[in-house]
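These notes concern the structure reproduced below.
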Amino acid sequence: MNVEITDLTRRFGRVRAVAGVSLQAGPGVLGLLGPNGAGKTTLLRTLATVISPSSGRIRLLGRDPGAHRQRREIRRRLGYVPQNLGYYPGFTVVEFVEYFALLKEMPPATVSRAVASTVERVGLGDKATAKLRTLSGGMLRRVAIAQGIVNEPELLLLDEPTAGLDPELRVEFRALLRELGQRATVVVSTHLVEDVGSACARVALMDRGRVVFHGTPAELSARAEGTNAAGDAPLERGYSAVLAESRS
Amino acid sequence: MTSGRADATGPVPPDVDLGRVWIAVAEQVWRRRPGPPERLAARILGSPGLARALVTTPSLLLGWVMATAVVLAVGTLVTRGTGTPYVALGAPAIAAVGIAYAYGPGIDAAWELMGSMAVSHRLVLLVRALTVFGLNALLGLAASAASGAAAAMTFGWLIPMTALCALALAVSTLTRSANAGAAAGLAGWVLTLLSGRAATGQVAAAVTDTALTLPYLTVAAGCAAIVGYATRTSRGPS
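Keeping their order, the protein sequence lines are chains A and B. The opening position of the first sequence corresponds to residue 88 in this note's numbering, with each subsequent residue numbered one higher. The opening position of the second sequence corresponds to residue 206 in this note's numbering, with each subsequent residue numbered one higher.
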């Protein structure tokens with residue numbers, strides 16, 4: 088298992104953003120669903136080793152992120168696309184992606200090829216030498232994704248990656264997700280149920296800091312059977328049914 | 206999500222992978238050639254990533270360094286004209302502002318992402334802060350020497366500068382705001398100058414009074430400890 092979480096808790100003052108989450112994930116795409124404030128972003132930040140857990144146990148890629156050397160190894164093999172990634176407006180697309188490739192300690196000799204390949208992969212070849220300040224919001228999201236996958240990560244964490252992408256690009260992005268999930272463990276936080284339905288092999292639904300469902304999209308849809316849960320699609324109805332059940 | 210450049214050509218032999226060819230071409234066309242300072246930094250630091258992080262430091266950019274040099278040059282001229290040691294009094298404040306703008310969430314747009322990188326926050330902060338400090342010290346020493354100040358005045362401001370830089374760095378790190386760090390550094394220095402003047406009647410007492418060395422070093426050590434704590438690598442249970 089590339090991700091092993093046991094009874095993970097993360098507090099911010101008195102608020103328990105993540106409250107006793109246990110989760111395992113191997114290669115494939117895991118969708119992290121949940122309403123705003125459910126704890127998805129905090130969980131992803133913890134997995135990205137940006138913040139440490141208040142309690143509980145995590146192992147990532149078979150390593151302990153609490154130990155310095157092992158955390159560094161994890162980070163070399165990690166891709167992380169935060170919800171609000173800041174950009175350096177004076178950097179070009181290539182410079183930005185290369186910067187993070189270097190900070191991930193990719194072998195210097197491989198960086199140029201990896202950057203060129205990744206920039207093409209996310210469809211920004213025509214904008215490779217454009218300054219980031221000249222790009223649209225959707226293009227910037229693709230730059231963010233490019234830096235996340237430039238090192239061919241074994242663990243890729245994406246926080247609301249399709250926000251700001253138009254429908255056509257969302258479809259292309261889901262295809263990219265499926266492709267990445269064949270080799271790596273991809274954890275995608277999203278509130279867009281359709282992203283999960285088409286790209287994720289498994290789904291974890293969070294509410295109020297806890298995982299209230301973990302299974303396949305089909306199993307989530309099935310949870311709506313026999314209920315009058317709201318939603319336009321089976322997955323949405325399953326989502327609503329599980330949330331209603333966890334809150335009752 | 207491909208831009209389709211590889212397909213935008215005429216007929217090609219079947220055994221040629223145009224996609225790979227294009228990537229090889231793009232790699233050469235888009236490759237960034239690091240400048241001499243970045244190559245030197247990479248050699249010294251042993252890390253191209255750290256070197257890149259260093260040369261992107263806001264307060265090490267050419268415009269900033271030139272502005273610092275101009276201010277110190279003006280200070281040199283005024284010092285020579287008036288006898289008041291403006292270089293010694295100004296250099297610590299200039300360095301403190303530079304340190305506050307060296308690194309942090311208020312300066313680095315991609316701070317959150319930087320926290321997940323193999324090259325750690327703390328290492329980037331250390332390298333950037335030391336380089337900014339060193340460069341400002343060199344410029345200040347050159348300006349001091351050019352201003353014809355006495356030896357005590359030439360070197361006397363280095364210890365106050367250390368304390369002030371540590372204060373600015375600690376405040377900018379804790380408040381996650383470079384502006385707050387710079388303001389704290391400037392305010393701290395103005396208060397120190399005014400206190401020295403009130404106690405001795407000389408505005409230069411802050412850089413000439415050796416009795417202040419220990420307090421300066423104490424402040425520097427305390428602030429360095431705060432920075433170390435605030436940027437500690439969060440271990441947590443695992």
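Note that beta-carbon positions come from the ideal geometry of N, C-alpha and C, so glycine has one too. On a predicted model such as this, the values are computed, not experimentally measured, just so you know.
CA nearest to the CA of residue i, picked from the options
i: GLY212 (chain A); options: B:THR289, B:GLU232, B:ALA293; result: B:GLU232
i: VAL116 (chain A); options: A:MET88, A:GLU185, A:SER142; result: A:MET88
i: ALA416 (chain B); options: B:ALA429, B:ILE364, B:GLY224, B:ALA373; result: B:ILE364
i: SER377 (chain B); options: B:SER252, B:GLY303, B:THR287; result: B:GLY303
i: PRO310 (chain B); options: B:ARG236, B:ALA351, B:VAL329; result: B:VAL329
i: LEU226 (chain A); options: A:PHE260, A:PRO194, A:ASP282; result: For the record, residue 226 (chain A) in the displayed sequence is Met; it is not Leu. Out of A:PHE260, A:PRO194, A:ASP282, A:PHE260 has the C-alpha closest to the C-alpha of MET226 (chain A).
i: ALA296 (chain B); options: B:ALA426, B:ALA246, B:PHE338; result: B:PHE338
i: ALA373 (chain B); options: B:TYR291, B:VAL292, B:VAL432; result: B:VAL432
i: ALA444 (chain B); options: A:THR128, A:PRO195, A:TYR167, A:GLU182; result: Because chain B is modelled from 206 through 443, residue 444 (chain B) falls outside the range shown and cannot be assessed.
i: LEU344 (chain B); options: B:ALA375, B:PRO219, B:LEU265; result: B:LEU265
i: PRO263 (chain B); options: A:GLN157, A:LEU131, A:LEU120, A:TYR175; result: A:TYR175
i: SER204 (chain A); options: B:THR423, B:ALA315, B:LEU223; result: B:LEU223
i: LEU131 (chain A); options: A:GLU247, A:GLY210, A:ALA305, A:TYR326; result: A:GLU247
i: ALA429 (chain B); options: B:LEU250, B:ARG327, B:SER352, B:LEU318; result: B:ARG327
i: GLY113 (chain A); options: A:THR96, A:GLU182, A:PRO321, A:LEU243; result: A:LEU243
i: ARG334 (chain A); options: A:ARG297, A:LEU134, A:SER308, A:LEU279; result: A:ARG297
Neighbour flag for residue i against chain B, beta carbons, 8 Å
i: LEU227 (chain A); result: no
i: VAL102 (chain A); result: no
i: SER204 (chain A); result: yes
i: GLY212 (chain A); result: yes
i: THR249 (chain A); result: no
i: THR216 (chain A); result: yes
i: GLU207 (chain A); result: yes
i: ARG220 (chain A); result: no
i: GLU281 (chain A); result: no
i: ARG159 (chain A); result: yes
i: GLU185 (chain A); result: yes
i: ARG265 (chain A); result: no
For residue i, three-class secondary structure by DSSP
i: ALA217 (chain A); result: coil
i: PHE99 (chain A); result: strand
i: LEU117 (chain A); result: strand
i: ALA404 (chain B); result: helix
i: GLY322 (chain B); result: Reading off the sequence shown, one finds Met at residue 322 (chain B), where the question assumed Gly. In this structure, MET322 (chain B) counts as coil in the three-state DSSP scheme.
i: GLU281 (chain A); result: helix
i: PHE360 (chain B); result: helix
i: ILE312 (chain B); result: coil
i: ALA175 (chain A); result: Contrary to the premise, residue 175 (chain A) reads as Tyr rather than Ala in this sequence. TYR175 (chain A) falls in the coil class under three-state DSSP.
i: SER153 (chain B); result: The question about residue 153 (chain B) has no answer, for chain B in this structure spans 206 to 443.
i: SER382 (chain B); result: coil
i: GLN111 (chain A); result: strand
i: GLY224 (chain B); result: helix
i: GLY268 (chain A); result: helix
i: MET293 (chain A); result: strand
i: ALA211 (chain B); result: Bear in mind that the predicted position of ALA211 (chain B) carries a pLDDT of just 48, short of 50, making it unreliable; the figure below should be weighed with that in mind. DSSP places ALA211 (chain B) in helix when its eight states are reduced to three.
i: GLU312 (chain A); result: coil
i: GLY185 (chain B); result: Residue 185 (chain B) is absent from the structure shown; chain B starts at 206 and stops at 443.
Residue i at chain A interface by Cβ criterion, 8 Å
i: SER321 (chain B); result: yes
i: ALA307 (chain B); result: no
i: SER443 (chain B); result: Caution applies to SER443 (chain B), whose pLDDT of 34 falls short of 50 and renders its modelled position unreliable; the model cannot decide the point.
Neighbouring residues, chain B, relative to residue i (Cβ below 8 Å)
i: PRO195 (chain A); result: PRO253
i: PRO169 (chain A); result: GLU317, LEU318
i: VAL181 (chain A); result: TRP235, ARG237
Where residue i meets chain B, residues with beta-carbon distance less than 7 Å
i: VAL137 (chain A); result: GLU317, GLY320, SER321
i: SER199 (chain A); result: GLU232, ARG236
i: LEU165 (chain A); result: SER321
i: PHE99 (chain A); result: Within 7 Å Cβ-Cβ: nothing; PHE99 (chain A) doesn't reach chain B, min ~13 Å.
Cross-chain neighbours of residue i in chain B, by beta carbon under 9 Å
i: LEU172 (chain A); result: ALA314, ALA315, GLU317, LEU318
Under 7 Å from the C-beta of residue i: neighbouring residues of chain A
i: VAL324 (chain B); result: LEU190, GLU192
Fill in: Where the region 247 to 269 of chain B meets chain A: residues whose CB sits under 9 Å from a CB there
Residues ALA247, SER252, PRO253, GLY254, LEU255, ALA256, ARG257, ALA258, THR261.
Discussion item. What are the residues in the region 227 to 241 of chain B lying within 9 Å of chain A by C-beta distance?
Written reply: Against chain A - using a Cβ distance shorter than 9 Å - the residues of the region 227 to 241 of chain B are TRP227, ILE228, ALA229, VAL230, ALA231, GLU232, GLN233, VAL234, TRP235, ARG236, ARG237.
Item to complete: Pull out every residue of the region 411 to 433 of chain B whose Cβ sits closer than 9 Å to any Cβ of chain A, in chain order.
Response: Hits within the stretch: zero.
Worksheet entry | Against chain B: residues of the region 300 to 316 of chain A by CB proximity under 8 Å | If you check each beta-carbon in the region 300 to 316 of chain A against every beta-carbon of chain B, none falls closer than 8 Å.
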